[in-house]
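First residue of the sequence shown? That's 53 in the numbering used here, and the numbers climb one at a time after it. For reference, the structure discussed in these notes is given below.
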Amino acid sequence: MKTLLYVLIAAELIFVLIYAMPNVRKSKSKLPVKTVCAVTYVLIGIAAALASGGYFTSYAILLTIGAVFGAIGDYSLNMDPKSKKFIIGVGSFLIGHVFYTAAFATALVKNSALQKKQIIMLTISAAAVSLLVVAAGVLLKVSPGVGLPPVILYNLAISTMLVFAVSTAVNLIKNQGSGAYPAALMVSLGAVLFVVSDAVLAIIHFSKRKIKIPHAVNSWTYFPAQVMLALSIYFIQSLMV
53 MKTLLYVLIA AELIFVLIYA MPNVRKSKSK LPVKTVCAVT YVLIGIAAAL ASGGYFTSYA
113 ILLTIGAVFG AIGDYSLNMD PKSKKFIIGV GSFLIGHVFY TAAFATALVK NSALQKKQII
173 MLTISAAAVS LLVVAAGVLL KVSPGVGLPP VILYNLAIST MLVFAVSTAV NLIKNQGSGA
233 YPAALMVSLG AVLFVVSDAV LAIIHFSKRK IKIPHAVNSW TYFPAQVMLA LSIYFIQSLM
293 V
């Protein structure tokens, strides 16, 4: 099963390379190629679970479900920003972040790191990160076309996901030592890259400031983020065997 995992990772690299090509992004093949990239990172998550003993943890199940919603979002966000399908895309990613956060929460619970005090600190941290994102959006004059309520909800969801991911990474190292470095890296860096990719996407499509960022930057932050989160299943479950 590890061989399949390696093959899928290599395939994803090739697919993302193709998707990042300017001529592909401007052609009708953009959506099919992006969809293949999305399906592949879901398969990587499934292979990661099977390679580390199967779906014997809530973490693996919840994170895989989150990846599926991410793939649905990838397909839907190629639509007109004012269309209902675009709203479905934003909603899918939001739900995906909820499942990712739930996965990280289960890892924290397993290590008895989600007590009342920790929950309060995580809530405050998520609110602080969310406010920072809003401040950055105001500074960059970002004006999404989907309306304010969905944006606020999504902002809260991804901010909470980031805080829980970093907390999970820190807790893994604290409890497991150096053996948890790979798992901690996949979780924390995956979450950070996810936030960066969303920020890049927002600037490219919705900022009123003329900031030139190549679309490829989004591709090379977003897909690695999803792959790292998917691979975290393997490393975290390996710590539990």
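Note that CB positions come from ideal geometry on N, CA and C, so glycine has one too.
Proximity below 9 Å, CB of residue i to CB of residue j
i: G189; j: H149; result: no
i: A178; j: L208; result: yes
i: G128; j: Q289; result: The question names Gly, but residue 128 is Ser in the sequence shown. No.
i: A221; j: V239; result: yes
i: G125; j: G106; result: no
i: L115; j: S284; result: yes
i: L56; j: A99; result: yes
i: I225; j: A217; result: no
i: V203; j: V181; result: no
i: A277; j: S249; result: yes
i: L95; j: L69; result: no
Residue i classed as buried or exposed, judged by whether at least 16 other C-beta atoms fall within 10 angstroms
i: L184; result: exposed
i: T175; result: exposed
i: P84; result: exposed
i: K168; result: exposed
i: F145; result: buried
i: M213; result: buried
i: K86; result: buried
i: L191; result: exposed
i: N130; result: exposed
i: I265; result: exposed
i: Y71; result: buried
i: I255; result: buried
i: Y286; result: buried
Residue i versus the options, residue with shortest Cα-Cα distance
i: N227; options: A268, Q170, K162; result: K162
i: Y93; options: F258, R261, G242; result: G242
i: H267; options: R261, L253, F275; result: L253
i: Y111; options: A123, L191, G97; result: G97
i: T109; options: A72, I265, E64, T158; result: T158
i: G310; options: M292, F287, F275, I70; result: Beyond the ends of the chain as shown, which are 53 and 293, falls residue 310; an answer cannot be given.
i: S259; options: K193, F156, N75; result: K193
i: I66; options: Y206, F287, Y286, W272; result: W272
i: F156; options: A180, N223, I172, V203; result: N223
i: L291; options: I265, I255, A277, G229; result: G229
i: P201; options: S81, V76, A251, I139; result: I139
i: L237; options: K262, M280, I263, V269; result: M280
i: L245; options: S211, P74, Y71, V59; result: S211
i: I113; options: R261, A154, I147, V88; result: A154
i: A15; options: C89, Y152, K262; result: Since the first residue of the chain shown is 53 and the last is 293, residue 15 is not available in this structure.
i: I147; options: L205, S195, S81, N75; result: L205
Any non-hydrogen atom of the ligand FMN closer than 8 Å to residue i Cβ
i: L60; result: As for the ligand FMN, it is missing from this structure, which has no ligand bound.
(message) Report the start-end ranges of each alpha helix (DSSP H) in the segment 263-293 that is 4 residues or longer and not cut off at the edges.
(response) 267-292
(request) Kindly provide the ranges of any beta strand (DSSP E) runs that are 3 or more residues long and lie completely inside the segment 218-258, ordered along the chain. (result) none
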